[in-house]
Amino acid sequence: MHHGRVLVPLLLSATMLPFDTHAAASLLVDDAGISDAHHCQLESWVRHTRDGQEWTAVPACTVADTEWSLGLTRLPGQPATQWAVGAKRVLVERQQRRWGLAASAGLGGTTHRPRGDDWTLTVPLTVALDAQDRVQLHLNLGWAHHAHVQGRTSGVGLEVALHRHWSLLAESARDADRQRSSQIGLRRVLWPGASVDLLAGQVHHQRNTQWLTLGFNLAALP
């Protein structure tokens with residue numbers, strides 16, 4: 278689990294931001310974990326783009342073996358707030374094996390379009406590539422619908438523990454509109470349950486689509 282990285286970042290990016298699949302927190306690709314039962318967390322990040330700053334907050338809690346989340350995003354120059362609700366459930370636990378599998382679903386819209394026409398389904402798979410669990414591969418496959426566009430989504434992410442407090446993050450994702458985005462960065466653990474992400478990315482084959490993201494992840498007891 279990446280401090281509760283859940284469907285909402287995927288849904289927000291797939292249907293509202295200029296790139297797709299995330300997932301998490303400020304990541305594009307989701308993992309196969311959820312937060313502990315009866316625990317909550319808050320993920321937030323600011324993404325600097327050519328148009329300005331995008332602000333996102335995603336609180337989430339795990340109840341009845343399902344992680345429930347609500348994401349809110351303000352985009353530069355847009356009066357409406359983007360929202361997304363998500364649910365994620367683990368199908369195969371990683372405790373007794375080197376891999377885990379989960380499923381997530383979500384619904385999104387804006388405060389000016391509250392009925393929620395945007396939706397996504399995602400199946401995240403996480404595989405430990407070494408016995409110490411220092412290198413993890415995350416694979417996503419799903420389907421998303423937004424406005425008049427719908428199609429398959431996919432993503433691959435790599436997480437490498439460099440040091441006790443530092444991890445390397447690298448990932449690439451494809452959205453329902455067949456646009457591919459990639460980003461790379463570092464995660465710094467501040468204390469147990471709290472971390473900061475710094476990521477740089479861009480949409481492939483498009484000009485002036487670079488971004489820089491600063492994220493803060495905080496896990497807390499109920």
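Heads up, the sequence shown is in my numbering, so the first residue is 278 and it goes up one at a time. Beta carbons: idealized from backbone N, C-alpha and C, even for Gly. Remember, it's a predicted structure, so these values are computed and weren't measured experimentally.
- Taking Arg465 as the centre and dropping the five residues before and after it, the same chain places the C-beta of His442, Trp443, Ser472, Val473 closer than 7 Å to its C-beta, in chain order.
- When DSSP states are grouped into helix, strand and coil, Ala471 belongs to the strand group.
- Per DSSP, Arg392 is one residue of the beta strand (DSSP E) stretching across 390-405.
- Each residue's CA atom was taken as its position, placing Arg374 and Ala309 some 13 Å apart.
- Under the DSSP definition of a beta bridge, Gln427 partners with His422.
- Between Trp345 and Ala361, the CB-CB gap reaches or exceeds 8 Å.
- Each of His482, Trp488, Leu439 was checked against the Cα of Gln460, and the nearest Cα belongs to Trp488.
- Look at Gln409 here: in three-state DSSP terms it is coil, with no helix or strand label.
- Annotation for Thr326: Trp488 place their beta carbon closer than 7 Å to its own, counting only its chain and skipping 5 residues before and after.
- Secondary structure note for Arg366: its beta strand (DSSP E) is the uninterrupted segment 358-369.
- Rounded to the nearest whole angstrom, the CA to CA distance from Glu448 to Leu435 is 6 Å.
- Check the Cα spacing between Val323 and each of Trp332, Arg455, Ala405, His316: the tightest is with Trp332.
- In summary, Asn485 is exposed, with fewer than 16 beta-carbon neighbours lying within 10 Å of its beta-carbon over all protein chains present.
- His481 is positioned such that its CB atom lies closer than 8 Å to that of Arg457.
- With respect to the 8 Å criterion, His415 and Asp307 are classified as neighbours on the basis of their beta carbons.
- Taking C-beta separations shorter than 8 Å and ignoring five residues to either side along the sequence, the partners of Ala477 in its chain run Gln460, Ile461, Gly462, Gln487, Trp488, Leu489, Thr490, following chain order.
- Counting C-beta atoms within 10 angstroms of its own C-beta, Gly329 has fewer than 16 neighbours from the protein chains shown and is therefore classed as exposed.
- In this structure Val412 touches Val437 by the C-beta definition: roughly 5 Å separates them, less than 8 Å.
- In the three-state DSSP reduction, Gly310 falls in the coil class, being neither helix nor strand.
- Straight-line spacing of the CA atoms in Thr339 and Glu370 works out to 15 Å.
- Looking at the backbone, the Cα of Ala453 and that of Gln372 are separated by about 33 Å.
- The C-beta distance from Gly386 to Asp394 rounds to 6 Å, short enough to fall under 8 Å.
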